[in-house]
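Chemist: Sequential numbering from 111 applies to the sequence shown in the numbering used here. We treat Cβ as the ideally placed atom computed from N, Cα and C, and that holds for glycine. Pasting a structure here, questions to come.
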Amino acid sequence: MSLDKVFDIAGSGMSAQSLRLNTVASNIANAETVSSSVDETYRARNPVFATIFNSQQATGGSLFSPDQQAGDGVSVLGIVESDATLEPRYEPDHPMANEEGYVYYPNVNVVEEMANMMSASRSYQTNVEVMNTAKTMLQRVLTLGQ
């Protein structure tokens with residue numbers, strides 16, 4: 111595998127994990143926002159990733175190469191909203207309460223989001239280490255001819 115390919119793969123991983131960290135931050139920031147209706151309530155968001163396979167995949171080839179090699183990076187397919195149920199709470203004195211006295215809280219699980227944040231952060235750090243190692247290897251190759 112060429113070093114350019116290593117940089118591309120690690121770069122796509124860093125980009126994907128950065129998006130994941132931003133999504134987690136948005137979810138945590140909105141964890142305690144309330145609304146008076148189900149339609150206006152914030153819903154947890156999660157990015158959807160896919161492995162980029164070699165060019166054979168785009169031409170209708172098999173999903174994996176004959177030697178079962180790893181993918182060529184990560185692509186972000188989009189961000190989806192969670193379909194978990196919202197949390198209605200009976201709080202008739204709340205300024206956002208509807209006519210029945212309920213407010214709706216987002217379906218954000220802060221503990222789960224913190225675990226996602228740690229996982230994304232570590233994945234990002236791993237990709238940084240891959241890039242640093244590849245850079246060090248490239249620098250050492252350049253000094254071989256001296």
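So the candidates are E210, S128, T143, A120; which of them puts its Cα closest to the Cα of S87?
Modeler: Here the chain comprises residues numbered 111 to 256, so residue 87 is not present and cannot be evaluated.
Chemist: Should P202 be labelled buried (16 or more other beta-carbon atoms within 10 Å of its own) or exposed?
Modeler: Position 92 of the sequence shown holds residue 202. Exposed: under 16 other Cβ atoms inside 10 Å.
Chemist: Given a cut-off of 8 Å, decide if A154 and V221 are closer than it, judged by their beta-carbon atoms.
Modeler: For the purposes of this step, residue 221 is taken as residue 111 along the sequence shown, with counting starting at 1. For the purposes of this step, residue 154 is taken as residue 44 along the sequence shown, with counting starting at 1. Not a contact, by the Cβ cut-off of 8 Å.
Chemist: Using the C-alpha atoms, what's the distance from N132 back to V240?
Modeler: Residue numbering aside, residue 240 sits at position 130 when the sequence shown is read from its first letter. Residue numbering aside, residue 132 sits at position 22 when the sequence shown is read from its first letter. Approximately 22 Å, taken between the alpha carbons.
Chemist: Give the DSSP-derived three-state secondary structure of Y234 in the structure shown.
Modeler: On the sequence shown, position 124 is the one that residue 234 refers to. It is helical.
Chemist: Identify whether S128 lies in helix, strand or coil by the three-state DSSP scheme.
Modeler: Position 18 of the sequence shown, counting from 1, holds the residue named residue 128. Three-state result, S128: helix.
Chemist: How long is the line joining the alpha carbons of P198 and T151, rounded to whole angstroms?
Modeler: Indexing the sequence shown from 1 puts residue 198 at position 88. Indexing the sequence shown from 1 puts residue 151 at position 41. Looking at the two C-alpha atoms, the distance is approximately 10 Å.
Chemist: Among K245, Y214, R250, V238, which one has its Cα closest to the Cα of S122?
Modeler: Within the sequence shown, numbered from 1, the residue matching residue 122 stands at position 12. Ranking the options by Cα distance to S122, first place goes to V238.
Chemist: Check this for me: beta carbons of L187 and F159, under 8 Å apart or not?
Modeler: Here residue 187 is taken as the residue at index 77 of the sequence shown, counted from 1. Here residue 159 is taken as the residue at index 49 of the sequence shown, counted from 1. A distance below 8 Å separates the beta carbons of L187 and F159.
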